[in-house]
Structures are given as C-alpha cells and as structure tokens.
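Respectively, the protein sequence lines represent chains A and B.
Numbering-wise, this note's numbering comes out as the position in the first sequence, counting from 1, plus 590.
Numbering-wise, this note's numbering comes out as the position in the second sequence, counting from 1, plus 1376.
All C-beta atoms in this analysis are idealised placements derived from N, C-alpha and C, irrespective of residue type, glycine included.
The model shown is predicted, which means the values in this text are computed figures rather than measured ones.
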Amino acid sequence: KAGVTQTPRYLIKTRGQQVTLSCSPISGHRSVSWYQQTPGQGLQFLFEYFSETQRNKGNFPGRFSGRQFSNSRSEMNVSTLELGDSALYLCASSPSTGTSGDGEQFFGPGTRLTVL
Amino acid sequence: AQKVTQAQTEISVVEKEDVTLDCVYETRDTTYYLFWYKQPPSGELVFLIRRNSFDEQNEISGRYSWNFQKSTSSFNFTITASQVVDSAVYFCALSDTNTGNQFYFGTGTSLTVIP
C-alpha cells in the first residue's frame, strides 16, 4: 500500500498570504489528522477529520482550518500567514474508526512552510 | 491533563552500544495508549510501537525493546547494539479515551550513533 502523501513538500509564502496544504491518506483510512511541528513548540495537534467531519480540534486560532473530501483526502488552510506559522506540517492517517485513541497513526513526509 | 516528558534532549552513543530513551507520561484516564515514533532527517514520523494501558508486558522486536511500567508511568525504549542508521529523533506519544485520536507528543530525544 502506498503511504500517506502530502503536497507540496516545500512552500514559501509572505506574511498576510494564505496557503492550502494537501494530504492523501493510506487507502482505506478515513481518519486524517494534522499536526504542526516547530522547534519551539514541538508537535502540536491541529485537527482530525473523519468521514468529512471535523471530529477534534486543537488549540489553534481560527486562521487554521481544514476539510476532508469524500475520498478521505484532506486539505488544511492557513489564512493571513504570520511569521510564527513557519513549520513542518504533518498529516497522519489512521485505520481507526472510533474515537478511543487506540489507533496508530501513519504520518506523511510533511510540508515545510516558510513564511517570510 | 495529558503530558509526555522526554527529559533526554540529546544522546550520543558509539556504535554497538546499548541506549535507553526515557518517556514519562501523565493522564487521568485509566484507558490510554502509548506510542513510539522515529523521525529520521527526512522528516517523516515512522511508527514503531503501540502499547495499551492494560498490557504491561514488555515487548522485543529485533534490536528494539520497550519497558512499560504503570507504577512509574514510564514507557522506556531500548536499542541494543546501536547502529548508525538508528540516528534520528525519537518521540513518545500518548492518547486516551478523553481526547480521542489526538496524540500528545513528548519533545523528542535526538539520538546520534557515532561510527
């Protein structure tokens, strides 16, 4: 099976712009989660989608949003970019269908976003 | 509140040495899950192991072994006879039934294996 894929791998934007990142989960996985990784804050949960519905959301401002399509592919959007949004954005898919937290998550290679 | 602590920021060992990476967790839930991931320089997090709170058996997979002790809220990871390819950042993570599929990650331990 192909792994989780993310596009683009690298992105450079300027402050105030918006950006959309894409994630294709492992075939058959309906749960998709997004994480932000920075040297200062480490890995932080953004949100999780399952069957096109946001099931859980981390503590991020409303500038961060996402969606999931019927084929389980997911996108996340960041509007009005700030310098602090520079990070590695990781997408993960899980075979778990419930919300008990028991499913391992399989991560993609990430999108490296640089905000100038 | 859920929290994962990896006190070791960086570790360097010489090839073939054994090394143990520490992980201490906090959760109020009685049902929870612990994970270890490896992040090589390429950036992708690679899943290594999952352990649930009801299973305290230690696990061995090749050169890797994990020691889960609920009494000390620890889930330590040992690499035996380390190799250069083991050089990476290792993350411990926690999820529980209160927070669903949200993972709480530790800050990671950067392991360098010197040839």
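Identity of the residue in the options nearest residue i by Cα
i: W1442(B); options: F1453(B), Y1409(B) and S1463(B); result: F1453(B)
i: Y625(A); options: N667(A), K591(A) and F659(A); result: N667(A)
i: Q1382(B); options: Y1401(B), I1436(B) and N1434(B); result: Y1401(B)
i: Q695(A); options: F659(A), R620(A), V609(A) and T643(A); result: R620(A)
i: S690(A); options: L1421(B), C1399(B), D1394(B) and T1406(B); result: T1406(B)
i: R1427(B); options: D692(A), T701(A) and S612(A); result: D692(A)
i: S641(A); options: S686(A), S655(A) and G632(A); result: S686(A)
i: K1392(B); options: S1486(B), S1458(B) and Q1415(B); result: S1458(B)
i: D1472(B); options: R1404(B), N1434(B), E1386(B) and Y1408(B); result: Y1408(B)
i: Q627(A); options: T643(A), S664(A), G674(A) and G593(A); result: G674(A)
i: A1464(B); options: K1446(B), A1377(B), T1488(B) and T1448(B); result: T1488(B)
i: D1394(B); options: D1462(B), I1455(B) and G1476(B); result: I1455(B)
i: S1447(B); options: Q1384(B), T1403(B), V1389(B) and I1387(B); result: T1403(B)
Interface flag, residue i vs chain A, CB-CB below 7 Å
i: Y1409(B); result: yes
i: T1448(B); result: no
i: S1471(B); result: yes
i: T1483(B); result: yes
i: Q1384(B); result: no
i: Q1378(B); result: no
i: N1434(B); result: no
Residue-level contact to chain B via CB, residue i, 7 Å cutoff
i: E694(A); result: yes
i: L601(A); result: no
i: T604(A); result: no
i: E638(A); result: yes
i: L633(A); result: yes
i: T689(A); result: yes
i: N646(A); result: yes
i: F697(A); result: yes
i: G630(A); result: no
i: G656(A); result: no
i: G618(A); result: no
i: G674(A); result: no
i: G700(A); result: yes
Run of the beta strand (DSSP E) containing residue i, from where it starts to where it stops
i: F637(A); result: G632 to F640
i: N1443(B); result: Y1440 to Q1445
i: G656(A); result: F654 to Q658
i: E1464(B); result: This sequence places Ala at residue 1464(B); Glu is not what is there. A1464 to D1472 is the extent of the beta strand (DSSP E) around A1464(B).
i: C613(A); result: V609 to S614
i: R645(A); result: T643 to K647
i: L703(A); result: T701 to V705
Whole-angstrom distance between residue j and residue i, CA atom to CA atom
i: L1470(B); j: Q634(A); result: 12 Å
i: G652(A); j: Q1478(B); result: 18 Å
i: F654(A); j: W1412(B); result: 27 Å
i: Q607(A); j: L636(A); result: 20 Å
i: S662(A); j: S684(A); result: 11 Å
i: F650(A); j: S1429(B); result: 29 Å
i: E638(A); j: Y600(A); result: 22 Å
i: I1436(B); j: S669(A); result: 45 Å
i: V705(A); j: G1438(B); result: 42 Å
i: Q658(A); j: I1490(B); result: 43 Å
Item to complete: Using a Cβ-Cβ cut-off of less than 9 Å, list which residues of the stretch 1398–1432 of chain B approach chain A; keep chain order.
Response: Of all residues in the stretch 1398–1432 of chain B, the ones placed with a Cβ closer than 9 Å to any Cβ belonging to chain A are D1405, T1407, Y1408, Y1409, F1411, Y1413, Q1415, S1418, G1419, E1420, L1421, V1422, F1423, I1425, R1426 and N1428, in chain order.
query: What residues in the stretch 1437–1464 of chain B bring their beta carbon closer than 8 Å to a beta carbon of chain A?
result: Those residues of the stretch 1437–1464 of chain B that come within reach of chain A (Cβ to Cβ, closer than 8 Å) do not exist; the list is empty.
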